[in-house]
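Below is one structure, written out as structure tokens, with a few remarks after it.
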Amino acid sequence: MFQKLSLCLMIIIASLKGYDMGCSMTEEQLDQSFYDSMFFGSKDAIVPADEAEMDKHCSHTKGGVDGVKQYSDTCLNGFPQKVMSMLYTNMGHHMDNRCDKPSERAEFLENIKCFLPKEKMDPLHVCFDKFTKYTEITAGMSKDDPFLPFMCCGFQEYKHCVLTNTEKICTVGHSQFWDEIFDEISMEAITYACSSYDSYDNCNKNLFPEGLKQIKTISEATDPAVWHHGFKTPVKFLLDMIKKFYN
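In mature numbering (1 follows the signal peptide of the UniProt record, and there is no 0), the protein residues as written are -18 to -1, 1 to 229.
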């Protein structure tokens, strides 16, 4: 009984002090897990052409989601953990549908044929790299800066980049398919946080001029040095931002 009570007290004290109980993952490992869970943004992503490759794609991507979950459950607490939990829950739910529901599995396979050979996806990976840069810039802002509108509009710029490039690589119909996936994964967060900055057009109308100019400069750039950020994904910057602004 005494041992159980002591363990409970240790857990309570640790949580109150913000200690990470049982954290065995580094930020670099989290970055890699998030990278493994990505389709756009990961040049290592499997672009399946048949059912066997689809199984590999699902296993690889779900493994990445599991890594994000492990980091969230063991290395975070409070609001950062809640945000990360919402993120991996939405990702996991989407992957379960993509991989386990026959109709959605077939629809996914049909809609990615135009991305083969996988090098055709390179412009989409650049879109994601630029989004990571927007996130890095946001994490470097102060609490007095309009960081949330900037972050919301960085996401809308990323989404617009993916959809317009998908239309060029494939067709309008394929772009609409990915538009629906964006909504499925992110709409809850966008509705909750972004309000007047919940679309590409609204961002172009409403974002503060300096922020819009900064986003457009990166969006229109062709030199990778402009959007260099030093990580594989935006997850480290996202956590930095949450801890700075909301803890």
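In this text, a Cβ means the ideal position worked out from N, Cα and C, and glycines have one as well.
Proximity winner among the options, relative to residue i (alpha-carbon distances)
i, options, result
"Cys81", "Phe21, Ala27 and His39", "His39"
"Leu221", "Lys64, Ala203 and Ile200", "Lys64"
"Ser24", "Ser15, Ala31 and Asp32", "Ser15"
"Ser157", "Val47, Cys185 and Ile94", "Ile94"
"Phe21", "Glu9, Gln11, Ser41 and Thr8", "Ser41"
"Phe132", "Phe113, Cys109 and Leu91", "Phe113"
"Gly193", "Lys141, Pro216, Phe129 and Ser168", "Phe129"
"Cys5", "Pro191, Gly74 and Gln52", "Gln52"
"Tyr179", "Val154, Ser168, Gly60 and Gln138", "Gln138"
"Tyr182", "Phe213, Asp161 and Thr215", "Asp161"
"Pro99", "Asp126, Tyr140 and Ile151", "Ile151"
"Glu204", "Asp111, Tyr174 and Met73", "Checking the sequence shown, residue 204 turns out to be Thr, not Glu. Minimum Cα distance to Thr204 is reached at Asp111."
"Leu91", "Lys187, Thr153, Ala31 and Glu10", "Ala31"
"Phe227", "Glu149, Asn184, Lys125 and Gly60", "Lys125"
"Gly45", "Leu69, Gly74 and Phe219", "Gly74"
"Phe213", "Tyr116, Pro105 and Asn184", "Tyr116"
"Glu149", "Tyr174, Pro191, Cys185 and Leu106", "Leu106"
"Ile33", "Cys176, Lys83, Asp127 and Asn184", "Note on identity: in this sequence residue 33 is Glu, with Ile being the wrong assignment. Closest option to Glu33, Cα to Cα, is Lys83."
"Glu89", "Glu202, Phe159, Phe97 and Asp78", "Phe159"
"Asn79", "Ser177, Glu10, Lys187 and Ile163", "Ile163"
"Asp127", "Glu202, Glu10 and Pro191", "Pro191"
Contact under 8 angstroms by Cβ, residue i with residue j
i, j, result
"Ser67", "Ser85", "no"
"Cys135", "Leu189", "yes"
"Glu118", "His211", "yes"
"Leu12", "Val217", "yes"
"Met103", "Val47", "no"
"Asp18", "Thr56", "no"
"Cys109", "Asn147", "yes"
"Arg87", "Met123", "no"
Counted within 10 angstroms of its Cβ, other Cβ atoms place residue i as buried (16 or more) or exposed
i, result
"Asp165", "exposed"
"Ile(-6)", "With a pLDDT of only 33 at Ile(-6), under the threshold of 50, the placement of this residue in the model should not be trusted, and no figure is reported."
"Pro206", "exposed"
"Ile224", "buried"
"Ala27", "buried"
"Thr8", "exposed"
"Gly155", "exposed"
"Thr120", "buried"
"Gly49", "buried"
"Lys195", "exposed"
"Thr153", "exposed"
"Phe219", "buried"
"Phe61", "exposed"
"Lys141", "buried"
"Tyr174", "exposed"
beta-carbon residue i near the ligand PLP non-hydrogen atom, thresh 7 angstroms
i, result
"Gly155", "The ligand PLP is absent from the structure shown, which contains no ligands of any kind."
Nearest-angstrom Cβ-Cβ length linking residue i and residue j, presumed shorter than 8 angstroms
i, j, result
"Ile200", "Val208", "6 angstroms"
"Ile172", "His76", "That pair is no contact at about 15 angstroms."
What are the complete alpha helix (DSSP H) segments, minimum 4 residues, inside the region 2 to 87?
The qualifying runs are 9 to 19, 33 to 57 and 60 to 82.
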